[in-house]
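First comes the structure, then the notes that go with it.
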Amino acid sequence: MDWLVGKGATPSQYTGPTRDHTTGGIFGQYMFVEASFATVGHKARLVTGRFHATTGNGFCIKFWYNMYGVNIGTLNVIVKNRAGNATERILWSLSGNQKWGWRQGQAPVVSSRDSYQVVFEAILAGGVRGDIAIDDITYISGTCTVSPSTALPVKPTTKPATPIPTTPGRGQFDCNFESGFCTWSQGAGARFNWTRQQGKTSSINTGPSQDHTLKNNNGSYIYAEASSPRRPGDKAILVSQQVPANSRPGNCIIFWYHMFGAHVGALNLYIQTGSGALPKPTWTRNGTQGNEWKRGMVFYPSIQSSKILFEAVRGRSYAGDIALDDLQIKSGFCPPADACSFEQNNLCGWKNEPTKDDFDWTRATGGTASVNTGPSADHTFGTSKGYYMYIEATGKSRGDKAQLLSPRYPKTTGRCLQFWYHMYGSDMGTLTVYKKVLTSGSSYNIRIWWRSGDKSNIWRIGRVSVWSSTYDYQAVFEGVVGRSFRGDIAIDDVKLLDGKCPPAGNCDFESDTCTWTNSLVGDTFDWRRNKGSTLSGSTGPSVDHTRQDSSGYYMYIEASSPRRRGDIALLTSEEFFRTSSSGRCIKFWYHMYGKSIGSLNIYYKTNVTKQIIWGLSGQQTTNRGSGGWKFGQAPIRSNVVYQIIFEGIIGTSHTGDIAVDDIRFTTSACSILPSSVTVTPAPPPTTVPTIPGSTPAPSPYDCNFDVGTCQWTYDSTADFQWSRKNHGTPSTFTGPDHDHTTND
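Letter by letter, the sequence shown follows residues 148 to 891 in the working numbering.
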């Protein structure tokens, strides 16, 4: 099969790029491999012309790649020596889903005695969601390192059929546990050992379900099994070889840990410089940290040799498995933290603006000092013991502001800033996120996200893409006080993810629930994220829609006991800005199989209204498999900020499971599907009540330019005309790459 020239989106949904990298627009071109009609192991090769033998330090090949989709195979960069008795050597290799967006890769082309060619080889894994794309290949003089570091080939001298990272890593102390414990060993004096594992641990509701390196059931990690005969307080110890002393500044220990379960004990990290008793732990975590892998980082001065020890302490019961993966020890300072839950008092490097604001953000637990405003618990743990950051509005004047600054991050062509915010109070002000661009000797702020007004007493998720291709940058959270003390604003669980944010509201539920959350008020139970069959026979799907197999995830309502007829579950979107005059369209797949199916409804909700825009009741299919998934869509029009809600209602018995999958939004209008849906959406409100801090009512001169120029016209006497545009402008390194209205 061949590489193809593409522009805009590839033919398959939920895989491949939606625009090129060069221009960031739908008319720019790139090369890609279409996976729709390929089988496992099919290859496509793109070959350069022949280069003369390298001299000196050789060359560095740089390129941009897009490997987004649940069926992604492998992308190899290969150097192929002369035609006669040609030999090939892999320079760079990456496998699996690398998430949405373009990413930069590079590899050194080392000195060669012969002329050579460079080959881009795509190996497909089977499945339609496996498109691989490349763009903007450059070839520069001088050496470089492999980037990202996970693309280091398994065996630099030979070409494996399907390369995966199975060796310890680049450093002596790096280990991903794919081939054993590397240079790490079980510690003396421990009551039990760390266990190397693939897939789930042996106990339910505790431990990871897959490793961190490969993110599948074939990848390995190590964990401390908390089941019998283990007792509370028992310890497992992992110890490194002697780490030699290092010149200033020191070393950084980077690792990924998983601590999930009702009775998780503790994970401690020690730095031991002698042979005596252990010192106090340098880093520690206690209790459950959620069902996810989290990154830990510790910097320490290494003026003398030392050993690194990880100690897992068993909690009260079997539900306390603790896991580790992807250990690294690097020379130099640690990189800035990509995630912060504010549980540690160092705030992960975040700090209050020292001079340019009126007061400071405060780290807090439980409720804030004022009644009827602010959260009563953090978002991380949902308890009064977890920490968050907030602004206290009491004693402040309207318009006073507080700014919280992130650590300094390196320049990027696209990352996704994700966070949770809480804005509850009748006199709420404004929360704004800025990108602070750090130029040479100065800086300036660009507003990239904001919300105003009372958002009710719940934590909401926020996401915004951040790009700064020329300069380093910081993220800035600014809280502005409203009319009175009832205006406390809080944030928690800030993360900086690789790649630009996916389009707002789109979700296939393969990794998580994206920006969709279960409602905390107004319903009686929750939607569940699930894979394979539901708990009851003769109802619900047996596979998801995205992958169409038992490994893919979807959302559903479980109708079994203790559910009763009429019980309601609400799945709520993030907030969306108002639509264009032509509206938007929500598209999704639903599964309603079972003799006792209740109802599935979709609502449009603003601060002042809630109306149904789509609804079906009763069994809609007799197929539990992939053929049981049906397509639905509904138009949306709104002059104000709004949310979308999926409402599942229980029917007459347990055979009433309802599921949804692959939700996405488009900027064009649409009709209601299927035709059996008889709901007629009401028009959006033409007048908007005055709400403190809310979006003002539209005027005849408002225009978002999604459909024409509205009431605005071109001045014929001007020297040239404004142009209406989407995506990037024709020139590189200037202009926006997306609009402001939809951020797309």
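Glycine included, every Cβ here is placed at the ideal spot set by N, Cα and C. These numbers come from a predicted model, not from an experiment.
Within the same chain, show all residues whose beta-carbon is closer than 7 Å to that of residue i, passing over the 5 residues directly before and after it, in chain order.
i, result
"residue 669", "717"
"residue 657", "217, 693, 699, 700"
"residue 724", "788, 888"
"residue 234", "228"
"residue 500", "550, 552"
"residue 908", "This structure cannot speak to residue 908, because the chain is shown only from 148 to 891."
"residue 874", "166, 171, 172, 173, 884, 885"
Between which two residues does the beta strand (DSSP E) harbouring residue i extend?
i, result
"residue 738", "731 to 739"
"residue 555", "From DSSP, residue 555 is part of no beta strand (DSSP E); its letter is neither H nor E."
"residue 560", "559 to 570"
"residue 154", "151 to 154"
"residue 410", "Per DSSP, residue 410 belongs to no beta strand (DSSP E) and is neither H nor E."
"residue 790", "790 to 796"
"residue 579", "577 to 586"
"residue 589", "589 to 599"
"residue 905", "The requested residue 905 does not occur in the structure, where the chain is confined to residues 148 to 891."
"residue 405", "398 to 406"
"residue 283", "279 to 288"
"residue 265", "263 to 270"
"residue 444", "441 to 447"
"residue 912", "Here the chain covers residues 148 to 891 and nothing more, so residue 912 does not appear."
"residue 420", "Where residue 420 is concerned, there is no enclosing beta strand (DSSP E), given that its DSSP letter is neither H nor E."
Between residue i and residue j, what straight-line distance do the alpha-carbon atoms span, to the nearest angstrom?
i, j, result
"residue 322", "residue 289", "29 Å"
"residue 765", "residue 612", "40 Å"
"residue 871", "residue 174", "15 Å"
"residue 521", "residue 598", "15 Å"
"residue 757", "residue 749", "10 Å"
"residue 343", "residue 381", "18 Å"
"residue 256", "residue 559", "24 Å"
"residue 751", "residue 505", "38 Å"
"residue 478", "residue 638", "33 Å"
"residue 214", "residue 776", "27 Å"
"residue 466", "residue 376", "13 Å"
"residue 325", "residue 219", "20 Å"
"residue 166", "residue 275", "19 Å"
"residue 447", "residue 398", "6 Å"
"residue 355", "residue 363", "11 Å"
"residue 224", "residue 237", "6 Å"
"residue 863", "residue 172", "28 Å"
"residue 689", "residue 738", "10 Å"
"residue 337", "residue 379", "13 Å"
"residue 708", "residue 468", "30 Å"
"residue 675", "residue 803", "14 Å"
"residue 481", "residue 400", "8 Å"
"residue 329", "residue 486", "28 Å"
"residue 754", "residue 403", "41 Å"
"residue 458", "residue 464", "17 Å"
Spatial neighbours of residue i within its chain, please: CB distance less than 6 Å, with the 5 preceding and 5 following residues excluded, ordered by chain position.
i, result
"residue 430", "416, 445"
"residue 770", "none"
"residue 533", "525, 527"
"residue 438", "407"
"residue 652", "720, 812"
"residue 630", "545, 574"
"residue 649", "247"
What's the call for residue i, buried or exposed, on a 16-neighbour Cβ count within 10 Å?
i, result
"residue 320", "buried"
"residue 596", "buried"
"residue 869", "exposed"
"residue 453", "buried"
"residue 212", "buried"
"residue 785", "buried"
"residue 641", "buried"
"residue 519", "exposed"
"residue 895", "Absent from the structure is residue 895, since the part of the chain shown begins at 148 and ends at 891."
"residue 278", "buried"
"residue 867", "exposed"
Ignore the nearest five residues each way along the sequence and tell me which others in residue i's own chain have a CB closer than 8 Å to its CB.
i, result
"residue 190", "148, 268, 269, 270, 271"
| In chain order, each beta strand (DSSP E) run of at least 3 residues that lies wholly inside the region 694 to 782 | The qualifying runs are 700 to 704, 715 to 719, 731 to 739, 746 to 752, 757 to 764.
| query | Of all the alpha helix (DSSP H) runs that stay within the bounds of the region 185 to 249, which reach a length of 4 or more residues? | reply | Taken in chain order, the region 185 to 249 contains no complete alpha helix (DSSP H) segment of 4 residues or longer.
| field | Unbroken stretches of the beta strand (DSSP E), 3 residues or longer, contained in the region 355 to 396 | value | Within the region 355 to 396, the complete beta strand (DSSP E) runs of at least 3 residues are 367 to 371, 382 to 386.
| query | Where are the alpha helix (DSSP H) runs, 4 residues long or more, that stay fully inside the region 601 to 656, in chain order? | reply | Taking only runs of at least 4 residues, no alpha helix (DSSP H) segment lies wholly in the region 601 to 656.
| field | Residue ranges of each beta strand (DSSP E) within the region 476 to 517, 3 or longer | value | Here the runs fully enclosed are 509 to 512.
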